[in-house]
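*Asks:* All you need for the working numbering is the position in the sequence shown, starting with 1, plus 2. We put the beta carbon where it would ideally sit given N, CA and C, even for glycine. The structure is given below, and queries will be raised subsequently.
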Amino acid sequence: MQRESRRPFPPFDESTARQKVRMAEDAWNTRDPERVALAYSIDSQWRNRSEFVSGRSEIVEFLKRKWNRELDYRLIKSLWAFHNNRIAVRFAYEWHDDSGNWFRSYGNENWEFNESGLMVHRHASINDLPITQENRLFHWELGPRPNDIPELEEFGL
3 MQRESRRPFP
13 PFDESTARQK
23 VRMAEDAWNT
33 RDPERVALAY
43 SIDSQWRNRS
53 EFVSGRSEIV
63 EFLKRKWNRE
73 LDYRLIKSLW
83 AFHNNRIAVR
93 FAYEWHDDSG
103 NWFRSYGNEN
113 WEFNESGLMV
123 HRHASINDLP
133 ITQENRLFHW
143 ELGPRPNDIP
153 ELEEFGL
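Encoded structure:
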């Protein structure tokens, strides 16, 4: 049996860390739980807000619940720091609930990867800010962020 892997592999340099961050952003913007979960090891451990998730099957179920609640989700991730097999990111995403209330969620994630490039640990701290539809900043078509949409810093976030 061939072992799963996901390039680029650690140790990361600035270029490969940025590549890993953009790949994660693009995958999350698909809102496809099965696809997103493939970037994580079978036994990956998460802390997301106050929820603890263990293993790929729980990741899939977590993401299904998330995207059933967080509608029209659009995300931008930004590299914050990296060292060896770890990457830290800042992010912001916009979404609305089923009542049409819009939010911008801000946060930080700390990631740890195994030698095969799969994420084994993900720690996320996230805060939600209610916004009006007029205050939204992320307006691209649903799916991965087009290359002509600026990075997170260019939005002043």
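How close, in whole Å, do the beta carbons of Glu-16 and Arg-147 come, if the pair is a contact with beta carbons under 8 Å?
*Replies:* Contact doesn't hold; Cβ gap of about 20 Å is too wide.
*Asks:* Give me the Cβ distance between Tyr-75 and Arg-33, rounded to the nearest whole Å; I'm assuming they're in contact under 8 Å.
*Replies:* That belief holds up - the Cβ atoms of Tyr-75 and Arg-33 are roughly 6 Å apart, short of 8 Å.
*Asks:* Determine the DSSP secondary structure at Asp-99, reduced to helix, strand or coil.
*Replies:* DSSP places Asp-99 in coil when its eight states are reduced to three.
*Asks:* How should Trp-97 be labelled, buried or exposed, when 16 other C-beta atoms within 10 angstroms of its C-beta is the threshold for buried?
*Replies:* The residue is buried, with at least 16 neighbouring Cβ atoms inside 10 Å.
*Asks:* Out of Ser-7, Val-122, Glu-153, Val-62, state which residue places its alpha-carbon closest to the alpha-carbon of Leu-81.
*Replies:* Cα-wise, what sits closest to Leu-81 is Glu-153.
*Asks:* Once DSSP output is grouped into helix, strand and coil, what is the label at Pro-35?
*Replies:* In this structure, Pro-35 counts as helix in the three-state DSSP scheme.
*Asks:* Going by beta carbon distance, what residues of the same chain come within less than 7 Å of Gly-109, once the five residues before and after it are set aside?
*Replies:* Taken in chain order, the residues that qualify are Phe-93, Ala-126, Ser-127, Ile-128, Asn-129.
*Asks:* Tell me which residues share the same chain as Thr-18 and place their Cβ nearer than 6 Å to its Cβ, disregarding the 5 neighbours each side in the sequence.
*Replies:* For Thr-18, where only same-chain residues beyond five positions count, the Cβ hits under 6 Å are Pro-10.
*Asks:* By how many angstroms is the C-alpha of Thr-134 removed from the C-alpha of Phe-105?
*Replies:* For Phe-105 and Thr-134, the distance between alpha carbons rounds to 8 Å.
*Asks:* Write down every uninterrupted run of the beta strand (DSSP E) in the region 77 to 143 whose length is 3 residues or greater and which is fully enclosed by it, in chain order.
*Replies:* The qualifying runs are 88 to 98, 104 to 115, 121 to 133.
*Asks:* The beta strand (DSSP E) with Arg-49 in it runs from where to where?
*Replies:* 42 to 50 is the extent of the beta strand (DSSP E) around Arg-49.
*Asks:* Exposed or buried, what is Gly-102 when buried is set at 16 or more other beta-carbons lying within 10 Å of its beta-carbon?
*Replies:* When all chains shown are included, Gly-102 counts as exposed.
*Asks:* Given this structure, state the Cα-to-Cα distance separating Ala-39 from Arg-58, to the nearest angstrom.
*Replies:* About 6 Å.
*Asks:* Applying the 10 Å Cβ sphere with the 16-neighbour rule, what's the burial state of Phe-14?
*Replies:* Phe-14 should be labelled buried.
*Asks:* In the DSSP assignment, what residue or residues form a beta bridge with Leu-65?
*Replies:* The partner list for Leu-65 (beta bridge, DSSP) is empty, contrary to what the question assumes.
*Asks:* Check each candidate in Asp-99, Ala-90, Leu-120 and name the one with the smallest Cα separation from Asn-112.
*Replies:* If we check each option's Cα against that of Asn-112, Ala-90 comes out closest.
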